[in-house]
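Asks: Chains X and F are the protein sequences, given in the same order.
Just so we're on the same page, the working numbering is the position in the first sequence counted from 1, plus 3.
Just so we're on the same page, the working numbering is the position in the second sequence counted from 1, plus 3.
Backbone N, C-alpha and C define an ideal beta-carbon position, used for all residues, glycine too.
No experiment lies behind these values; they were computed from the predicted model shown.
There are 2 protein chains.
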Amino acid sequence: MSREAAKNAKIGGICIFFFAPSRLRVTTVNITTPAFLVDRTIVEQNCARMRTKARSSGVAFRPHVKTHKTIEIGRMQHGGETGPITVSTMAEAEFFADAGFRDITYAVPIAPEKLPRVASLAARMERLNILLDSHAALRAVEEFHAAQGTVFDVFLKVDCGYHRAGVDPNDPDSATLAIALANSPAVHFQGLLTHAGHSYNAHDVDEIRRIAAEETSSLTRFRALIGLDDLTRSIGSTPTTSVVDTFTDTDEVRPGNYVFFDAFQATLGSCSIHDVAVSVLATVVGSYPERGEAIIDAGALALSKDVSPEHLDPNFGYGIVCDVALHPLAARLVSLSQEHGKVKMAAPPVVGTRVRIVPNHSCLTAAMYDRYHVIDGDAIVDEWRPVRGW
Amino acid sequence: MSREAAKNAKIGGICIFFFAPSRLRVTTVNITTPAFLVDRTIVEQNCARMRTKARSSGVAFRPHVKTHKTIEIGRMQHGGETGPITVSTMAEAEFFADAGFRDITYAVPIAPEKLPRVASLAARMERLNILLDSHAALRAVEEFHAAQGTVFDVFLKVDCGYHRAGVDPNDPDSATLAIALANSPAVHFQGLLTHAGHSYNAHDVDEIRRIAAEETSSLTRFRALIGLDDLTRSIGSTPTTSVVDTFTDTDEVRPGNYVFFDAFQATLGSCSIHDVAVSVLATVVGSYPERGEAIIDAGALALSKDVSPEHLDPNFGYGIVCDVALHPLAARLVSLSQEHGKVKMAAPPVVGTRVRIVPNHSCLTAAMYDRYHVIDGDAIVDEWRPVRGW
Chain X
4 MSREAAKNAK IGGICIFFFA PSRLRVTTVN ITTPAFLVDR TIVEQNCARM
54 RTKARSSGVA FRPHVKTHKT IEIGRMQHGG ETGPITVSTM AEAEFFADAG
104 FRDITYAVPI APEKLPRVAS LAARMERLNI LLDSHAALRA VEEFHAAQGT
154 VFDVFLKVDC GYHRAGVDPN DPDSATLAIA LANSPAVHFQ GLLTHAGHSY
204 NAHDVDEIRR IAAEETSSLT RFRALIGLDD LTRSIGSTPT TSVVDTFTDT
254 DEVRPGNYVF FDAFQATLGS CSIHDVAVSV LATVVGSYPE RGEAIIDAGA
304 LALSKDVSPE HLDPNFGYGI VCDVALHPLA ARLVSLSQEH GKVKMAAPPV
354 VGTRVRIVPN HSCLTAAMYD RYHVIDGDAI VDEWRPVRGW
Chain F
4 MSREAAKNAK IGGICIFFFA PSRLRVTTVN ITTPAFLVDR TIVEQNCARM
54 RTKARSSGVA FRPHVKTHKT IEIGRMQHGG ETGPITVSTM AEAEFFADAG
104 FRDITYAVPI APEKLPRVAS LAARMERLNI LLDSHAALRA VEEFHAAQGT
154 VFDVFLKVDC GYHRAGVDPN DPDSATLAIA LANSPAVHFQ GLLTHAGHSY
204 NAHDVDEIRR IAAEETSSLT RFRALIGLDD LTRSIGSTPT TSVVDTFTDT
254 DEVRPGNYVF FDAFQATLGS CSIHDVAVSV LATVVGSYPE RGEAIIDAGA
304 LALSKDVSPE HLDPNFGYGI VCDVALHPLA ARLVSLSQEH GKVKMAAPPV
354 VGTRVRIVPN HSCLTAAMYD RYHVIDGDAI VDEWRPVRGW
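Following this line, the structure appears as C-alpha cells:
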C-alpha cells in the first residue's frame with residue numbers, strides 16, 4: 004500500500020464515529036469487516052519492554068511467536084533481527100526457519116509421529132529443541148535414533164503447578180527420566196522447561212507474583228536434585244514475566260502473548276488496557292433500541308469463543324466493545340454465533356456504524372485471520388500475514 | 004492421492020488402537036495431527052436425506068454452505084450439481100460463484116460498506132439475495148441505487164423468537180418496512196427469511212418441534228398481515244429441519260450444519276451420533292496415570308472453544324473423546340489451551356496413541372482447517388479445501 008493511500012485509510016476518531024458515520028464508510032472503504040487491526044507502535048513498545056527486561060536481567064530471551072505467527076513481529080521481538088524463539092506448531096517452526104530463525108524450541112510435548120519432520124527441519128538449522136516428559140517419548144526418540152542416527156536437542160518439561168503437561172518435580176521417577184535423558188545417546192539434554200499457565204487463574208497481581216516465584220524455584224530445586232548444573236532453566240508465561248521487575252533464579256524466558264496483550268491480560272493485571280495492541284474492527288448490521296441490542300458482523304469466527312476472564316468477572320462477555328477510537332462503550336458482547344455478535348447496550352448505534360472489539364484472548368483471535376491490518380495512529384500502514392495450521 | 008496410496012492410509016480400528024499403536028503410527032504417517040477427518044459416506048447420506056425431504060415436501064431447497072465451505076459438499080447438497088445456496092460471508096459467495104453457483108442468498112444482515120462488493124458480484128450472477136431488517140439499511144441500499152443504478156434482490160429478516168437479528172413481526176413498523184421494500188425502486192423484494200436459532204437452546208425434540216412450528220407460522224402470519232402473497236417464506240435451522248418429517252407451511256428451507264452434524268446436534272436430538280460425519284484426529288502427547296489425565300495435541304485452535312451443549316450437560320466438555328474407530332471412551336475433554344487439550348480418564352493411553360474427537364460445533368471446528376482429510380471407511384480418499392475469511 005502506498006503511503007498516500009495509507010494516509011487516506013484512516014480508522015477515524017470518536018468525533019467521526021458519533022457525528023459522521025458516512026465519512027467512516029468512505030475512509031475505510033478498502034477494509035471489509037471483520038478485520039484484525041494491529042497497532043504497530045504499541046507492539047513495538049511491548050516488544051522493547053520485555054526484551055530490555057530480559058537483557059538487563061542477564062537472561063537468555065527466547066520469546067514465543069504463537070500469538071502473532073508473523074515474521075515481522077518475530078524480528079521485532081529481537082529488536083529487528085532474528086534470534087532464538089519458541090513455537091507451538093511444526094508449521095511455525097518451518098515458517099520461521101525459512102525466514103532465517105536458526106534456533107527454535109518447539110514447546111509442546113513431542114508426538115512420536117512428528118519426529119521425522121523434526122529431524123528433517125533440525126538438519127537445516129542451528130538448533131531445534133523438542134520437549135518431552137515421559138519414558139515413552141524418550142523410547143520413541145531412541146528408536147528413531149537407532150534407525151536414522153539423529154540426535155535430538157531435548158528439554159524436559161517440568162510441571163510447576165499448572166498440571167497440564169510436565170513431570171512432577173517431587174516424583175522420584177522424574178529424576179530417573181532426567182538421568183536417562185542425560186545418558187541417552189539419542190539426546191543432547193539441553194535443559195528444563197516449565198510454563199506457569201496457572202497464572203491465568205490468578206485473582207490479583209500478588210498471586211501472579213507468588214506463582215512467578217514457584218515457576219522459577221521449581222526448576223532450580225529440581226536441577227539441584229538431579230545434580231546437572233549446566234541444564235538451562237527455561238520459564239515463561241506472559242502474566243508471570245510481565246509482573247516481575249527483573250528475572251532472577253532462571254536462565255531463559257519465553258513469554259509470547261505480551262506482544263499483543265488482550266482484554267484478559269488487562270483484567271488480570273499483566274498490563275494496562277493501553278498496552279493492548281490489537282482489536283477487531285466490526286460493523287453494526289442490526290440495531291434494536293427496543294430491546295437494547297445491536298448485532299455486529301464479528302462472530303465466533305472473527306473473535307473466538309474464549310470467555311476468559313470469566314473467573315474474574317462472570318459477566319465479562321466476549322471482548323470489550325469500543326468505538327473506533329478505542330474508547331470503551333457501556334456495552335457488553337453477550338453472545339457469538341458464527342458470523343454474528345450480539346451487543347447489549349442502552350442506545351445501540353445505527354446500522355453501518357463501525358466499532359472495535361478488544362478481544363479476550365488475542366492468540367486465538369489473531370489465528371482466525373489470514374492477514375492483519377497494521378495501523379499507526381489512525382492510518383493503515385502495512386499488512387502482515389501469519390502462518391497457520393500444523 | 005492414488006487409490007493404492009489411499010488404501011494404505013488406514014485410520015485403523017479399535018484392535019489396532021489397543022494392541023498395536025506403533026502400527027497406527029506407520030499407517031497414518033502422512034497425516035500430521037491435529038487433522039480434520041470427514042467421512043464421505045456419512046456426508047452423502049446426510050445430504051441425501053435432507054434433499055429428499057425437501058423435494059418430497061415440494062419446497063425449494065437452498066442449503067447453507069457455511070458449515071463446510073467446500074465446493075465438493077456444496078454440489079453434494081444438490082445431488083452432484085450446483086443449485087441455490089445460502090452463505091454467511093461475501094468470501095463464500097465469491098468462492099461458490101466462481102465454481103458455478105448462480106443463485107445465492109447472503110444471510111447476514113447487510114453492512115452498508117459491503118454493497119459495492121455485492122453489486123459487483125451480483126452483476127455476474129443470476130441472483131444474489133441480500134438481507135436487511137432496518138430502514139437504515141434500506142436507505143443505504145437506496146443511496147447506492149441512486150448513485151450506481153443497482154437494483155438489489157432483498158429478503159426481509161424476520162425474528163421468529165431467536166431475538167438475534169430480524170424485525171419483530173408484531174411491531175407495526177415491521178409492516179411499514181415491508182411495504183417500503185415492496186415499493187422501493189432500489190429493491191426486488193424477494194421474500195421473508197427467518198432462522199430459529201433458539202432451537203439450539205431446546206431441551207428435547209418436542210421443544211424443537213414447537214419451535215419449528217413457530218418458525219414457519221411467524222412468516223405465514225406476517226406475510227398475510229402485509230398482504231404480499233408472492234413473497235417467498237424461507238426458514239431453516241438444522242434442529243428444526245431435522246426433526247420434522249415433512250416441510251409444510253413454508254416455501255424454502257436453508258439448513259447447513261446437517262451435512263456434518265456434531266456432538267451438540269447429537270445431544271440435542273437433531274441426529275444420532277452415527278450421523279456425525281466429522282472428527283478431529285489427535286495424538287496423545289502426555290499421559291499422567293497418577294492424576295488420571297492425558298494431554299492431546301488438539302487444543303483451542305484445532306477444536307474451537309465452543310462448550311455447547313452445556314445447557315443440556317454442564318460437564319460435557321469440549322467434544323466427545325473416541326478411539327480411532329470412533330468408539331466413545333470413558334473420558335472427558337475438560338480444558339483447551341492453544342495447542343493442548345486435557346482429557347480426564349481413569350486409564351490414559353500411552354504417548355503416541357491416536358484418538359478422535361467428535362467436535363461440539365462442527366461449523367467452528369471445520370473453519371480452523373485449511374484442508375479436510377476425506378475418509379471412506381478407514382481409508383483416506385481425498386482432500387477438500389474450504390474457503391475462509393471474509
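Run down chain F in chain order and give the residues with a C-beta less than 9 Å from the C-beta of residue 37 (chain X).
Replies: As a working mapping, residue 37 (chain X) is identified with position 34 in the first sequence. Simply 393.
Asks: I need the straight-line Cα distance from residue 128 (chain F) to residue 100 (chain F), nearest angstrom please.
Replies: Within the second sequence, residue 128 (chain F) is the residue found at index 125, counting from 1. Within the second sequence, residue 100 (chain F) is the residue found at index 97, counting from 1. The straight-line gap from Cα to Cα measures roughly 7 Å.
Asks: Among X:317, X:131 and X:326, which has the Cα closest to the Cα of residue 206 (chain X)?
Replies: As a working note, residue 206 (chain X) is residue 203 in the first sequence. Closest option to residue 206 (chain X), judged by alpha-carbon separation, among X:317, X:131 and X:326: X:317.
Asks: Let's see if you can read the secondary structure: which residues bound the alpha helix (DSSP H) around residue 76 (chain X)?
Replies: Residue mapping note: residue 76 (chain X) aligns to position 73 of the first sequence, counting from 1. Note, residue 76 (chain X): alpha helix (DSSP H), 74 to 80.
Asks: Which one of F:249, F:252, F:280 and F:254 has the shortest CA to CA distance from residue 260 (chain F)?
Replies: The sequence position of residue 260 (chain F) within the second sequence is 257, counting from 1. It is F:280 whose Cα lies nearest to the Cα of residue 260 (chain F).
Asks: Buried or exposed, going by whether 16 or more other CB atoms sit within 10 Å of the CB of residue 116 (chain X)?
Replies: As a working note, residue 116 (chain X) is residue 113 in the first sequence. Burial call: buried.
Asks: Report the three-state DSSP secondary structure of residue 268 (chain X) (helix, strand or coil).
Replies: Residue numbering aside, residue 268 (chain X) sits at position 265 when the first sequence is read from its first letter. Helix, per DSSP.
Asks: If you count every other CB in all the chains shown that lies within 10 Å of the CB of residue 46 (chain X), and 16 or more means buried, which is it?
Replies: For this step, residue 46 (chain X) is matched to residue 43 along the first sequence. Buried, since its Cβ has 16 or more Cβ neighbours within 10 Å.
Asks: Let's see if you can read the secondary structure: which residues bound the alpha helix (DSSP H) around residue 148 (chain X)?
Replies: Against the first sequence, residue 148 (chain X) aligns to sequence position 145. Counting along the chain, the alpha helix (DSSP H) containing residue 148 (chain X) begins and ends at 138 to 151.
Asks: With a cut-off of 8 Å on the beta carbons, I'd call residue 341 (chain X) and residue 91 (chain F) a contact; round off their distance for me.
Replies: Residue numbering aside, residue 341 (chain X) sits at position 338 when the first sequence is read from its first letter. Residue numbering aside, residue 91 (chain F) sits at position 88 when the second sequence is read from its first letter. At roughly 6 Å, the Cβ-Cβ gap stays under 8 Å, so residue 341 (chain X) and residue 91 (chain F) are in contact.
Asks: Between the beta-carbon of residue 300 (chain X) and the beta-carbon of residue 111 (chain F), is there less than 8 Å?
Replies: Position 297 of the first sequence, counted from the start, is the residue given in the question as residue 300 (chain X). Position 108 of the second sequence, counted from the start, is the residue given in the question as residue 111 (chain F). Their beta carbons are under 8 Å apart, which means residue 300 (chain X) touches residue 111 (chain F) by this criterion.
Asks: Going by DSSP, which residues form a beta bridge with residue 62 (chain F)?
Replies: Taking the first residue of the second sequence as position 1, residue 62 (chain F) is located at position 59. Answer is none; residue 62 (chain F) lacks a bridge partner.
Asks: Would you mind listing the alpha helix (DSSP H) stretches within the region 81 to 118 of chain X that are 4+ residues and don't spill past its ends, in chain order?
Replies: 93 to 101
Asks: List the endpoints of the continuous alpha helix (DSSP H) containing residue 246 (chain F).
Replies: If you number the second sequence from 1, residue 246 (chain F) lands on position 243. Note, residue 246 (chain F): alpha helix (DSSP H), 241 to 246.
Asks: Among the candidates F:194, F:212 and F:284, whose CA atom is the shortest distance from the CA of residue 33 (chain F)?
Replies: The count along the second sequence starts at 1 and reaches residue 33 (chain F) at position 30. Residue 33 (chain F) has its Cα closest to that of F:284, out of F:194, F:212 and F:284.
Asks: At the 8 Å Cβ level, is residue 298 (chain X) part of the contact set with chain F, yes or no?
Replies: Start at 1 with the first residue of the first sequence, and residue 298 (chain X) comes out as number 295. Chain F, which has a Cβ nearer than 8 Å to the Cβ of residue 298 (chain X), makes this yes.
Asks: Output needed in chain order: residues of the region 47 to 78 of chain X with a Cβ under 7 Å from some Cβ in chain F.
Replies: 69
Asks: For residue 144 (chain X), does the count of other Cβ atoms within 10 angstroms reach 16, so buried, or fall short, so exposed?
Replies: As a first step, residue 144 (chain X) must be located in the first sequence, where it is residue number 141. With 16 or more other Cβ atoms within 10 Å, it is buried.
Asks: Note the first and the last residue of the continuous alpha helix (DSSP H) segment covering residue 235 (chain F).
Replies: Residue mapping note: residue 235 (chain F) aligns to position 232 of the second sequence, counting from 1. Where residue 235 (chain F) is concerned, there is no enclosing alpha helix (DSSP H), although the beta strand (DSSP E) it sits in stretches over 235 to 238.
Asks: Opposite residue 347 (chain F) in the DSSP bridges: which residues?
Replies: One-based indexing of the second sequence puts residue 347 (chain F) at position 344. DSSP output for residue 347 (chain F) lists F:296 and F:335 as bridge partner(s).
Asks: Taking C-alpha atoms, which residue in F:72, F:132, F:357 and F:105 lies nearest to residue 237 (chain F)?
Replies: Here residue 237 (chain F) refers to the residue found at position 234 when the second sequence is read from its first residue. Ranking F:72, F:132, F:357 and F:105 by Cα distance to residue 237 (chain F) puts F:132 first.
Asks: Hey, out of F:70, F:75, F:80 and F:356, whose CA is closest to residue 57 (chain F)'s CA?
Replies: Your numbering for residue 57 (chain F) matches position 54 in the second sequence. Comparing Cα positions, the closest option is F:80.
Asks: Does DSSP classify residue 325 (chain X) as helix, strand or coil?
Replies: By one-based count along the first sequence, residue 325 (chain X) stands at place 322. Note: residue 325 (chain X) maps to strand in three-state DSSP.
Asks: Relative to the ligand COA, is the shortest distance from any of its heavy atoms to the C-beta of residue 370 (chain X) smaller than 7 Å?
Replies: The ligand COA is not among the ligands present in this structure, which contains no ligands whatsoever.
Asks: Less than 8 Å between C-beta atoms, sequence neighbours within five positions excluded: which residues of the same chain meet that for residue 154 (chain F)?
Replies: Looking up residue 154 (chain F) in the second sequence gives position 151. The residues are 148, 188, 189, 190 and 191.
Asks: Let me see if you follow: with CB-CB separation under 8 Å, is residue 121 (chain X) close to chain F or not?
Replies: For the purposes of this step, residue 121 (chain X) is taken as residue 118 along the first sequence, with counting starting at 1. So, not an interface residue.
Asks: Under the DSSP definition of a beta bridge, which residues are partnered with residue 192 (chain F)?
Replies: The residue given as residue 192 (chain F) occupies position 189 in the second sequence. For residue 192 (chain F), which the question treats as bridged, DSSP gives the partners F:157.
Asks: For a quick check, are the C-beta atoms of residue 220 (chain X) and residue 246 (chain X) less than 8 Å apart?
Replies: Sequence index remark: in the first sequence, residue 220 (chain X) carries index 217 (1-based). Sequence index remark: in the first sequence, residue 246 (chain X) carries index 243 (1-based). Cβ atoms of residue 220 (chain X) and residue 246 (chain X): not closer than 8 Å.
Asks: Got a sec? Which residues, its chain only, sit under 7 Å from residue 290 (chain F) by beta carbon, not counting five neighbours each side?
Replies: As a position in the second sequence, residue 290 (chain F) is number 287, starting the count at 1. Excluding sequence positions up to five before and after residue 290 (chain F), its CB lies within less than 7 Å of the CB of 297, 351, 352, 353 and 354, all in the same chain and listed in chain order.
Asks: Who are the neighbours of residue 343 (chain X) on chain F, taking C-beta pairs under 8 Å?
Replies: Taking the first sequence and counting its residues from 1, the one referred to as residue 343 (chain X) is at position 340. Ordered by position in chain F, the residues that pass the 8 Å Cβ test against residue 343 (chain X) are 111, 167 and 168.
Asks: Mind checking residue 389 (chain F): buried by the 16 CB within 10 Å criterion, or exposed?
Replies: Translated into positions along the second sequence, residue 389 (chain F) becomes position 386. Residue 389 (chain F) should be labelled buried.
Asks: Below 8 Å on the Cβ atoms is my contact criterion, and I expect residue 214 (chain X) with residue 243 (chain X) to pass it. Report the Cβ-Cβ distance as a whole number of Å.
Replies: Taking the first sequence and counting its residues from 1, the one referred to as residue 214 (chain X) is at position 211. Taking the first sequence and counting its residues from 1, the one referred to as residue 243 (chain X) is at position 240. With a Cβ gap of about 6 Å, residue 214 (chain X) and residue 243 (chain X) count as contacting.
Asks: From what residue to what residue does the alpha helix (DSSP H) around residue 176 (chain F) run?
Replies: For the purposes of this step, residue 176 (chain F) is taken as the residue at position 173 of the second sequence. In this chain, the alpha helix (DSSP H) harbouring residue 176 (chain F) covers 175 to 186.
Asks: Could you give the distance in angstroms between the alpha-carbon of residue 68 (chain X) and the alpha-carbon of residue 343 (chain X)?
Replies: The sequence position of residue 68 (chain X) within the first sequence is 65, counting from 1. The sequence position of residue 343 (chain X) within the first sequence is 340, counting from 1. Spanning the two alpha carbons is a distance of roughly 29 Å.
Asks: Please compile the residues from chain B whose C-beta is within a distance smaller than 9 Å of the C-beta of residue 286 (chain F).
Replies: Looking at the structure shown, chain B is missing, and the protein chains on hand are X and F.
Asks: Let me check understanding here. Comparing Cα to Cα, which of F:254, F:385 and F:323 lies closest to residue 75 (chain F)?
Replies: In the second sequence, the residue the question calls residue 75 (chain F) occupies position 72. Checking every option, the nearest Cα to that of residue 75 (chain F) belongs to F:385.
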